[in-house]
Amino acid sequence: MKNLLFTCLVGGLFITNISITQAQKMIKNQSTATAFDFSSTEKNKKSSNKRGAAEGPKLILQGPKGEIVNGNTIETKKSTVRIRGKIISYRGVKSFTINGQVFFLEGDQTFAFPFEASRLNNNYTIKVTDKYNKTTTLAFNLRNTTKKQVMVRATTDKTPPVIKLTRPTTTRGITSNSERGLKRKKVYRVNKNKVEIAGELSDLSGIKSLTVNGHAVSVIDNRKFQYIYELSAKKTEIVIKATDNNDNVSVLKFILEKTNQTINPNETNLYIVSIGISKFQKSEYNLTYADDDAQGIHKTFTSPQNKKLFKNIKSKLLLNEQATRTNIIKSFQWLRKNATAKDLVVLFIASHGFNEDDNFYILPHDGNPDELLVSGVNWSALAITLSRLACRKMVFVDACHSAQLGEDLVKNRGANVSDIRKAQQVLKRKEYGTVLFSAASKAESSLEAPKWKHGAFTLAVMEALAGKADKNGDGIVFLSELNLYTLERVKTLTKGAQHPSLQNPASITQLPLCIVK
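Start counting the sequence shown at 1156; every next residue gets the next number (our numbering).
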């Protein structure tokens, strides 16, 4: 625990990044106990990414008033302490475990769990691993300081399991007198006789049993479950019951409703600007496949099957000589003038990217790398334009060092009728923000090769949107599926030399992008 940071509240002020010894002295000098708040940083390891990998996740724990931090020990007089926490990880979280048990995080990467402190010493180890397998570990002892100790099993907990449903997905919520008075239940509309019911479980003491309408269901790795339910009636109540090793029980109920309804017209329009520059006025900077990349992305998003997802698809394709600085800026203005709050904007750029004085520039066809201020496309200006669009924006940048540009944005598969409807409903949500998918990290180059006939990043994105990312087979590629496929595919293609970066705001939790043939 050499990398333990500490924050305490002293005299109404938060004092951060002080040593533990200093913090202890401060606490001892106070007349009353205070809330604790401490964090662990990633262990010092040699990175396998010689091009400069980002730091691993940071874990911050925070508890209620009444506990005292003494080194790596939290002293309490309670049998259970509810500890809240937050994970700061710019590369996302792959896994989160407490004493080896997998738990789930909220969308904003926060958690709140009751930790048993019924024994004299209660040791806990929290591990967080990001999507690039960088792990941060925080170990601490929750020590009960009361004179009489209640001796119980270490796995004892009074909290029932948490049931998280991943399939089917919600289509609507209804209120009906025929369903237990006026209790509101979730209704999942399906247009097939067999329905996949899947989800994930989390519990401190582990899962003892799981049933779906009384049928025993296997739990994989003490965490995941999957069950195929055959519908016989038009409307069926599903009851999922999970029991943990301490006999705490959780019940999740919902309705499955068969329907043959057609798709309602969607209100979401897709606006796409795809820019690819292989030929420059300064020919020494010419690329080989950037224009092919832009054409490929444009073709993917404007494909006929995608009209099932969007009301209208409107696009601009700027290649080589068309992609001047003026025309690129005009295309941004076109987006600002036409896109409304209900729409989705997709922007793709394949070109050279340059850093100059902490600014990121895209090189247009007529740009001069020696005069970027007057001839380049400043990313900060683009970020301002995007921030003024009150809709969802998906930005792909296939250029060197492109992960940097997310800093400006932060500031400011066929598919059936039911599945397409779900995707449309997601698009109707009022979630605003910009999702940035960049080809490489800050210190890396974006690679292209003859055997790919594209840049590695764009090839992976095109494959993903064509259906290779649709792991659940619902006929639709969502943002999360695109991300997982692209990260692994680029890593394979470039033999670990290039790592794409996805940055998305908390306001955008789910985003359907393409219908698969």
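C-beta: ideal position from N, C-alpha, C; glycine also. Nothing here was measured: the structure is a model prediction, and the numbers come from that model.
- DSSP places Leu1666 outside both helix and strand once states are collapsed to three, so it counts as coil.
- Per DSSP, the beta-bridge partners of Asn1510 are Phe1515.
- With three or more CB-CB distances shorter than 8 Å, the segment 1496-1507 counts as touching the segment 1419-1438.
- The Cβ-Cβ distance between Thr1540 and Arg1491 falls below 8 Å.
- Under the DSSP definition of a beta bridge, Met1617 lacks any partner.
- In the DSSP assignment, Ile1430 falls outside any alpha helix (DSSP H) and lies within the beta strand (DSSP E) extending over 1425-1431.
- Excluding the 5 residues flanking it on each side, Leu1657 has same chain C-beta neighbours closer than 6 Å at Phe1592, Asn1638, in chain order.
- Within its own chain, the residues whose Cβ lies closer than 6 Å to the Cβ of Lys1389, once the five positions on either side in sequence are excluded, are Lys1413, listed in chain order.
- Across the set Ala1619, Asn1400, Phe1633, the C-alpha of Asn1400 shows the shortest separation from the C-alpha of Pro1315.
- DSSP links Thr1398 through a beta bridge to Ser1364, Val1404.
- CA-CA distance, Arg1322 to Glu1392, rounds to 15 Å.
- If you draw a 10 Å sphere on the C-beta of Pro1655, you find 16 or more other C-beta atoms in it, and that means buried.
- Asn1533 and Glu1526 have their C-alpha atoms roughly 12 Å apart.
- Contact check for His1453 against Leu1472 passes: the beta carbons are separated by less than 8 Å.
- Per DSSP, Ser1234 lies in no beta strand (DSSP E) and is assigned neither H nor E.
- Per DSSP, reduced to three states, the secondary structure at Glu1392 is strand.
- Between the C-alpha atoms of Ala1538 and Val1616 there is a straight-line separation of about 22 Å.
- Looking at Leu1614, Pro1459, Asp1512, Ile1468, the one whose alpha-carbon comes closest to that of Gly1451 is Leu1614.
- Of the candidates Tyr1444, Asn1523, Pro1459, Lys1469, the residue whose Cα lies closest to the Cα of Lys1606 is Tyr1444.
- Lys1313 carries a coil assignment under DSSP once its states are collapsed to helix, strand and coil.
- Contact between Ala1272 and Ser1234 is confirmed by a C-beta separation of about 6 Å, below the 8 Å threshold.
- Among the bridge pairs identified by DSSP, Asn1277 is matched with Leu1297.
- Judged by DSSP in its simplified three-state form, Asn1227 adopts coil rather than helix or strand.
- Val1248 has its alpha-carbon roughly 6 Å from the corresponding atom of Lys1286.
- Rounded to whole angstroms, the separation of the alpha carbons of Cys1669 and Leu1634 is 9 Å.
- Ranked by Cα distance from Val1367, the options Ile1484, Glu1385, Asn1377, Asp1358 are led by Glu1385.
- Under the three-state reduction of DSSP, Gly1369 is assigned to coil, being neither helix nor strand.
- For the set Leu1365, Val1394, Ser1364, Phe1409, the Cα lying nearest the Cα of Tyr1343 is the one of Phe1409.
- For Leu1518 and Trp1489, the gap between their C-alpha atoms comes out near 20 Å.
- Per DSSP, reduced to three states, the secondary structure at Tyr1384 is strand.
- Under the 10 Å beta carbon count, His1520 is surrounded by 16 or more other beta carbons and is classified as buried.
- Non-local C-beta neighbours of Asp1358 in its own chain, meaning closer than 6 Å and more than five positions away in sequence, comprise Pro1316, Asp1399, ordered along the chain.
- For the pair Ile1468 and Ile1427, the Cα-to-Cα distance works out to about 8 Å.
- Measuring C-alpha to C-alpha distances from Lys1232 to each of Thr1301, Ser1542, Arg1246, Asn1276 identifies Thr1301 as the nearest.
- About 5 Å separates the Cβ atoms of Arg1298 and Glu1230, confirming a contact at the 8 Å cut-off.
- Here Glu1412 is bridged, per DSSP, to Arg1344, Lys1390.
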